[in-house]
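Visitor: Pasting a structure here, questions to come.
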Amino acid sequence: MSQILLLHGPNLNLLGEREPGIYGDLSLAGIESAAKTKAESLAMTLRCLQSNSEGALVDAIHAARHDCQGVVINAGAYTHTSVALHDALRGTRLPFIEVHLSNVYAREAFRHKSYLSAIAIGVICGFGPQGYDFALEALAKHLQS
Ligand code: CA2
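Residue numbering for the sequence shown follows numbering that gives the first Met the number 0, beginning at 0 and increasing consecutively.
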């Protein structure tokens, strides 16, 4: 059975509390719970972590190289700024999928740049929480192939 790390970056702990027009009304706990159910249906287990700290996210990626086979990451605003997350994901060589709840390309220009996309298996954005289901399905297929 594959173990997958589901990582969330800064401010995503506020999901469901504010900005429902952009990010929907589901809480992070709700998203993680639905993702765990989806992962089980694909014979995968999910380890979930959210942090507002870039270093903690880097540490979690490093730790995953010992016991995970893949990563699903919504790095929040660090997507657009973090060479450290790029290097951590590149360094572990774990296959990963980048997810965003909103369609970042329909938003401000600074959200169009991602430090992660070029080394990801793929990127899913604009589908809200359903994007995590798509990502887990894609990762399951990738790991089987
Ligand atoms: O669309 C996404 O999933 C984002 O990764 C969300 C990030 C944003 O910086 C990215 O450009 C796109 C921001 C998450 C902030 O979440 C909040 C939730 C509720 C209230 C305030 C912020």
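Think of the CB as a built atom: it goes at the ideal place given N, C-alpha and C, for glycine as much as any other residue.
Model, not experiment: these values are computed from the prediction.
Is residue 54 close to ligand 1? I mean its beta-carbon at under 7 Å from any heavy atom of the ligand.
Guide: Checking the Cβ of residue 54 against ligand 1 gives no.
Visitor: Just to confirm before moving on: does the CB-CB distance between residue 104 and residue 81 stay below 8 Å?
Guide: Result no, Cβ atoms of residue 104 and residue 81 do not sit closer than 8 Å.
Visitor: If you scan the region 89-124 from start to end, which runs of the beta strand (DSSP E) of 3 or more residues do you find wholly inside it?
Guide: The qualifying runs are 95-99, 121-124.
Visitor: Given the structure, does residue 76 come close to ligand 1, in the sense that its CB is under 7 Å from one of the ligand's heavy atoms?
Guide: Answer for residue 76: yes, Cβ within range of ligand 1.
Visitor: Would you call residue 143 buried or exposed, if buried means 16 or more other Cβ atoms sit within 10 Å of its Cβ?
Guide: Under this definition residue 143 is an exposed residue.
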